[in-house]
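Residue numbers (my numbering): 1295 to 1591.
Where is the CB? At the ideal position from N, CA and C, for every residue including glycine.
On a predicted model such as this, the values are computed, not experimentally measured, just so you know.
In what follows, a structure is listed as structure tokens, so that the remarks can point back to it.
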């Protein structure tokens, strides 16, 4: 790396450095032109998940010091904590971008799509067929159409439902193109990580203990954490917390359950501990988090 000091780019920083966003609700944003973003050519680290579709021209960049080159009909998935450097593009470069907060990204993971998620972790550049690219662009067009017609936009959850379908079709398309049987090829660490992510993807699992997950996987907590760091750059504890808080946010914002019922649903011993956990991760008490997000209105 060029420097030990790497600029951090959080999702809430984006509107300050780029004013031409098509949509931004604090957890999701869309854009269709990155070439005018100040400081794009400098080294920086993103603290969110980004998906870039190349419509025309070429894009080159380094992700964690590994060089990548994208052309028309290529897509790029940038995971949280990845350091981006040496960005360059052709004069005719055009793209579409969708960026998600980590917990929103986690909410899109399910068991049937884990093969493609695992593939993307090690192969962030995706070569798409024209039909697949056309489908992704149509999703983007639908989202921007709804943004341009507020009378047809029924709120944040509608937007997320469309994005969820967008993500499902993208990952399903990748699944179809993976011809080898990965289960036969995966090393032990890969298998452990995949099984761990499948456990996290199960919405009925409310476990928050690294030790408990490690026992389920027949490994030590230390080994599970090292596997998670190797495959995702997160600790096992961080991945568990992101999964749990994503589920809590869904229940607080989009269910009719009382806070006490949400606490019980998520397996907390008492309401006080639940409140402390939510405030630690969301910065607000469960009740204030609902109020801040216009729950029930």
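> Taking three-plus beta-carbon pairs below 8 angstroms as touching, is the region 1338-1358 in contact with the region 1385-1395?
Replying inline: yes
> Counting pairs of Cβ atoms below 8 angstroms between the region 1511-1526 and the region 1564-1582, do you hit three or more?
Replying inline: By the Cβ rule, the region 1511-1526 does not count as touching the region 1564-1582, because fewer than three pairs are nearer than 8 angstroms.
>> Between which residues of its own chain and residue 1433 is the CB-CB distance below 6 angstroms, once the five residues before and five after are set aside?
In response: 1460
> Name the DSSP beta bridge partners of residue 1348, please?
Replying inline: In DSSP, residue 1348 forms a bridge with 1389.
> What are the boundary residues of the beta strand (DSSP E) that includes residue 1251?
Replying inline: Because residue 1251 is not part of the residues shown, which for the chain are 1295 to 1591, the question remains open.
>> Judging by CA-CA distance, which residue of 1383, 1380, 1358 and 1493 is the nearest neighbour of residue 1372?
In response: 1358
> When the Cα atoms are used, what is the spatial distance from residue 1541 to residue 1557?
Replying inline: 11 angstroms
> Quick one: is residue 1583 buried, meaning 16 or more other Cβ sit within 10 Å of its Cβ, or exposed?
Replying inline: buried
> In this structure, does DSSP put residue 1434 in helix, strand or coil?
Replying inline: helix
>> For residue 1523, count the other beta carbons within 10 Å of its own beta carbon; 16 or more makes it buried, fewer makes it exposed. Which is it?
In response: exposed
> Going by alpha carbons, who is nearest to residue 1417 out of 1455, 1465 and 1426?
Replying inline: 1465
> Pick from 1515, 1305, 1349 and 1338: whose alpha carbon is nearest that of residue 1280?
Replying inline: Since the first residue of the chain shown is 1295 and the last is 1591, residue 1280 is not available in this structure.
> Where does the unbroken alpha helix (DSSP H) through residue 1370 begin, and where does it stop?
Replying inline: Element bounds for residue 1370: not the alpha helix (DSSP H) but the beta strand (DSSP E), 1368-1372.
> In its own chain, which residues sit with a C-beta less than 7 angstroms from the C-beta of residue 1489, not counting the 5 before and 5 after it?
Replying inline: 1511
> For residue 1337, does the three-state DSSP call read helix, strand or coil?
Replying inline: In the structure shown, residue 1337 sits in coil (DSSP, three-state: anything other than H, G, I, E or B).
> Between residue 1387 and residue 1351, is the Cβ-Cβ spacing less than 7 angstroms?
Replying inline: yes
>> So the candidates are 1580, 1521 and 1425; which of them puts its Cα closest to the Cα of residue 1368?
In response: Taking only the C-alpha atoms, the option nearest residue 1368 is 1425.
>> When you compare the CB positions of residue 1323 and residue 1340, do they come within less than 7 angstroms of one another, or not?
In response: No, the pair does not count as a contact, with Cβ atoms beyond the cut-off.
> Is DSSP giving residue 1423 helix, strand or coil here?
Replying inline: coil
> When we look at the beta-carbon of residue 1588 and count the other beta-carbons within 10 Å, is it buried (16 or more) or exposed?
Replying inline: exposed
> What is the DSSP secondary structure of residue 1379, reduced to helix, strand or coil?
Replying inline: strand
> What number of angstroms, rounded off, separates the C-alpha of residue 1567 from the C-alpha of residue 1521?
Replying inline: Taking the straight line from one Cα to the other gives about 29 angstroms.
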